[in-house]
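Undergrad:
Protein chains: 2
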Amino acid sequence: MKNYLFVLNKSSPKYKQIYEHFKSLIEQGNVKADEQLPSVRQLAESLQVSRNTTLTAYNQLVAEGYIRGEGRKGFFVNPLEPSLHEEPPILSNKKRVEKKASVHVDFRTDAVDQSHFPLKRWRRTANHVLTLPESFRYGDPFGEMSLREQIAIYLLQSRGLRTDENAIIIGSNTQQILINLGRILREEYSSIIVEDPGFDGAREAFQFHHFSLEYFPVYRTGADLSQLNQMDSRLIYVTPSHHSPYGVSMNIQQRQTLIGWANKIQGYIIEDDYDSEFRYTEQPFPALASIDATRVIYLGNFSKSFLPGLRLSYMVLPEPLLTRYKNQFQNFESSTSIFSQLTMAKFMENGEWSRHIKRMRLVYKRKMTFLVSLLKKHFGQNISIIGEQSGLYVLIKVYLGVSEEWLIEQAFLNGVRVRPTSIYFIKNHSDDPIIKIGFSGLSFDEIEYGVHLLKQAWL
Amino acid sequence: MKNYLFVLNKSSPKYKQIYEHFKSLIEQGNVKADEQLPSVRQLAESLQVSRNTTLTAYNQLVAEGYIRGEGRKGFFVNPLEPSLHEEPPILSNKKRVEKKASVHVDFRTDAVDQSHFPLKRWRRTANHVLTLPESFRYGDPFGEMSLREQIAIYLLQSRGLRTDENAIIIGSNTQQILINLGRILREEYSSIIVEDPGFDGAREAFQFHHFSLEYFPVYRTGADLSQLNQMDSRLIYVTPSHHSPYGVSMNIQQRQTLIGWANKIQGYIIEDDYDSEFRYTEQPFPALASIDATRVIYLGNFSKSFLPGLRLSYMVLPEPLLTRYKNQFQNFESSTSIFSQLTMAKFMENGEWSRHIKRMRLVYKRKMTFLVSLLKKHFGQNISIIGEQSGLYVLIKVYLGVSEEWLIEQAFLNGVRVRPTSIYFIKNHSDDPIIKIGFSGLSFDEIEYGVHLLKQAWL
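Chains as they are written, first to last, in the numbering used here: chain A, 1 to 459; chain B, 460 to 918.
What follows is the structure, given as structure tokens:
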């Protein structure tokens, strides 16, 4: 019999080293099929370990099929094919060296204000939720009922939308909801109308299901709904309360036209009401779905109004879509954290969320006013400002005869980041470049310094 | 001019009552198009409110398009179509009356042990994460890098799988990941092989993309891989370390056969490694992907090993699928809570998670042993026990000449819930009914009482 002696170290359990050693001998072909291994006792003696240790190692090898026990005769190697591939490169331990630009102010559009977040009260609620038995289970595939009830109350009070908690589906974000919804709609519809310019993320979610897209034009003054009658699709995706990106709202006549169209052709309107809470010059407009919910699929989320990191969105489905949706997805797990759901439900129930919204409306209004006044002061007639009535960003159209790319790059070289809007436009291009400036996550000082840097970069 | 007097109450802001009053008059046709409204001053005087209040109400009506201002001439009603639909029924305030059965013990399979959860340490970590700026943003569409790094380390140490954090994609659950993955695979493949019996949730995720399904048989003794060569598909979904539901594992020869097959036909194996942490008789087997990662898509999650409510899953993608996946989904938002991700990453980094796994392996092993001994004692030759070596449930095959439905209903009538397995079987049916019994969320006392109730129900 071969000599199987090898040196044991102290870095890992002994049985594991023995197991690894034999496994590697077998895999590398150094021990042939049907060869007999030393007995449990022999191996224990030669390695100076207990028999229990060698037996544990052998049992693991037996369980995985590397060797077999033949009763009193001992242990034998099983036949095994040689390794098929080279070993992949070892996991790199060195940290990635990232290209670090010295960005001093980032007018990002994906952040909310951190300084006014009700941290203590949220923690208290979250810590309580973690003691509930529901937190240790998978949860309702369509969302926790306590949150759906709170959303129904909110939609009635703040968005004028009468619905029932059973018609509400909780998801983790708008795109994930559109992917699921698209599965149902695609059975009946093959194309959809989207806004141009419009939210690129929604377009991509529709393309996930190979919907063909028709574009209907939106201008800074509003949508051109007269184009609807020349289109073939019977589905439309819109952002009526705060157009993405122009920020314009549909008035009651446009809303009625849209609903009349959907009723006439028996189609559906997908209303993405993504940040209607933050309207500064008037109260938020009632939802489109508040006029006629039978032809409107309403989408809402807590990313802008509370915390994007929670990943909490929802939709309200009219019949018969609701029944079809529930049939399709009854055996799918929820994709949304139970903690996020239960904590948010409790927070809403206690009135904390509506207090937070009220507080943030004032905070964001002050930030918006401050940003707009600085932009006007420093850039004067070189820019025009779009969409300052609502939302967590503002657009500026820049009349300097330069490209969007140049504006973004010059800003970057001067330590300030701004975002493009060209990604939202398909055919209905703007003549001058339009830049998107988010302010929600910045302090007043940062906003001031950022505008100063933009001036240095552009003028 | 009409008399617009009405009574203001104290339940909501005055401007809002005025706005609501006029909006409803216009919608109901009680004020006609182009009719002139009282001036701001007149209305303020007749209602005994400030001019500011009436102006705010009018401005809101203007903004939404119900009325228009014509400079000094005052405010006029805009044309509006009559309401198209009856008002939907008002939101019901009464609580739903649910059919309450008196279930004393629920052998549910969707819960984890709550009593051993490291609540304090998790809270401390979670509370810290809530102070990080990352928590107030949207996050990386493919998952937070700190968590991906920790998963890469775990996979190398515990599953023998060498990978890179860039090849790891975080998702919220297995089905959501399969829906996204399916979008990529469907471009090249139209059918997939699944286990029979097998996880119904995976089948449904493949049907989401209209994959046609081929079934390959699995028995309590293991899979019959000889059938692979008669199949047309070049994709296969398997649970090699702990078959769902039988609990059997593939040995090294079967694993090699499977990998050889995938290499030969240039296909892919989807390895769902959903609960491999809990193996009681030996150490967990290395992942299939540890043998050859080029043809294996590895899926893992934290639902069984930690907390289902977190909704945290992941996959490791081989090239060229990884590049195609990242191209397809680069503009999609993450569907996973940033708090769950960052807290889990910190927890893993501190070694808390691996300590928890070790502790829970012992806890669950004791529960499993206890449950199995009770079942054997009370049911003897009337049942056989399947899959007690690993996992958070056990199957029992019942030789009483009765149906699965009868067993579940009789149990329910006696205050104990158990789960069917027939949903997992397609063609490869079992002759006698097989019942699934989960124990992870129950105490020893509950397990004992539950088995007692089952005996009352069935014998």
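No residue lacks a Cβ here, since even glycine has one placed at the ideal position from N, Cα and C.
On a predicted model such as this, the values are computed, not experimentally measured, just so you know.
#1: Rounded to a whole number of angstroms, what is the C-alpha to C-alpha distance between B:Y648 and B:K785?
#2: So what does DSSP say about A:D232, is it helix, strand or coil?
#3: Could you give the residue range of the beta strand (DSSP E) that holds A:E214?
#4: Is the beta carbon of B:I651 sitting closer than 7 Å to the one on B:F667?
#5: Quick check on DSSP: helix, strand or coil for B:G630?
#6: Using 7 Å as the limit for Cβ to Cβ distance, is B:I797 near chain A?
#7: For A:W261, which residues of its own chain have a beta-carbon under 7 Å away from its beta-carbon, when the five flanking residues on both sides are left out?
#8: Just the C-alpha distance for A:I153 and A:R162, rounded to the nearest angstrom, thanks.
#9: Consult DSSP for B:M709 and reduce its assignment to one of helix, strand or coil.
#10: How would you list, in chain order, the residues of chain A whose beta-carbon sits under 8 Å from the beta-carbon of B:Y525?
#11: Quick one: any contact between the segment 630-643 of chain B and the segment 770-780 of chain B, if contact means 3 or more CB pairs under 8 Å?
#12: With contact counted as at least three CB pairs below 8 Å, one residue from each stretch, are the segment 334-344 of chain A and the segment 297-313 of chain A in contact?
#13: So does the segment 529-542 of chain B actually touch the segment 493-507 of chain B, counting three or more Cβ pairs closer than 8 Å?
#14: Could you check the C-alpha separation between A:I170 and B:L854 for me, to the nearest Å?
#15: Give me the chain B residues within the contact set of A:A111, using Cβ-Cβ distance strictly less than 9 Å, ordered along the chain.
#16: With burial defined as no fewer than 16 other Cβ atoms inside 10 Å of the residue's Cβ, what is the status of B:T828: buried or exposed?
#17: Would B:R583 count as contacting chain A if we go by Cβ distances under 7 Å?
#18: Where DSSP assigns a beta bridge to A:M315, which residues make up the other side?
#19: Give, in chain order, every residue of the segment 189-219 of chain A whose Cβ lies closer than 7 Å to some Cβ of chain B.
#20: Looking only at its own chain, which residues have a Cβ that is under 8 Å from the Cβ of B:I718, when we skip the five neighbours before and after it?
#21: By how many angstroms is the C-alpha of B:A516 removed from the C-alpha of A:P240?
#22: Going by the beta-carbon positions, is the gap between B:F566 and B:G909 smaller than 7 Å?
#23: Using C-beta distances below 7 Å, list every residue in its chain close to B:R580, excluding the 5 sequence neighbours before and after it, in chain order.
#24: For the beta strand (DSSP E) that A:L395 lies in, which residues bound it at each end?
#25: Spatial neighbours of A:E404 within its chain, please: CB distance less than 6 Å, with the 5 preceding and 5 following residues excluded, ordered by chain position.
#26: Drop a sphere of 10 angstroms on the beta-carbon of A:Y19, count the other beta-carbons inside from all chains shown, and report buried for 16 or more, exposed for fewer.
#27: In whole angstroms, give me the CA-to-CA distance for A:L47 and B:M604.
#28: Roughly how many angstroms separate the alpha carbons of A:L400 and A:E409, rounded to a whole number?
#29: Helix, strand or coil: which one does DSSP assign to A:S146?
#30: Which chain A residues sit within Cβ distance under 8 Å of B:P767?
#31: With 8 Å as the C-beta to C-beta threshold (strictly closer), list the residues of the segment 256-283 of chain A near chain B in chain order.
#32: Please tell me whether B:A943 has its Cβ less than 7 Å away from any Cβ of chain A.
#33: Tell me the rounded alpha-carbon separation between A:S305 and A:F278.
#34: Helix, strand or coil: which one does DSSP assign to B:Q519?
#35: What is the DSSP secondary structure of A:A111, counted as helix, strand or coil?
#36: Given that a residue counts as buried once 16 or more other Cβ atoms are within 10 Å of its Cβ, and exposed if not, what is A:F444?
TA: Let me spell this out:
#1: 19 Å
#2: coil
#3: S212 to Y219
#4: no
#5: strand
#6: yes
#7: L228
#8: 9 Å
#9: coil
#10: I252
#11: yes
#12: yes
#13: yes
#14: 33 Å
#15: P592, F595, R596 and Y597
#16: exposed
#17: no
#18: A:I169 and A:L299
#19: D200, G201, E204 and F208
#20: I728, L747, I750, D751, R754 and V755
#21: 21 Å
#22: yes
#23: E811
#24: Y393 to V398
#25: P420, S422 and P433
#26: buried
#27: 43 Å
#28: 15 Å
#29: helix
#30: F136, R137, Y138, G139 and I338
#31: Q256, I259, G260, N263, T281, E282 and Q283
#32: The structure shown does not extend to residue 943 of chain B, since chain B is modelled only from 460 through 918, so no value can be given for it.
#33: 8 Å
#34: helix
#35: strand
#36: exposed
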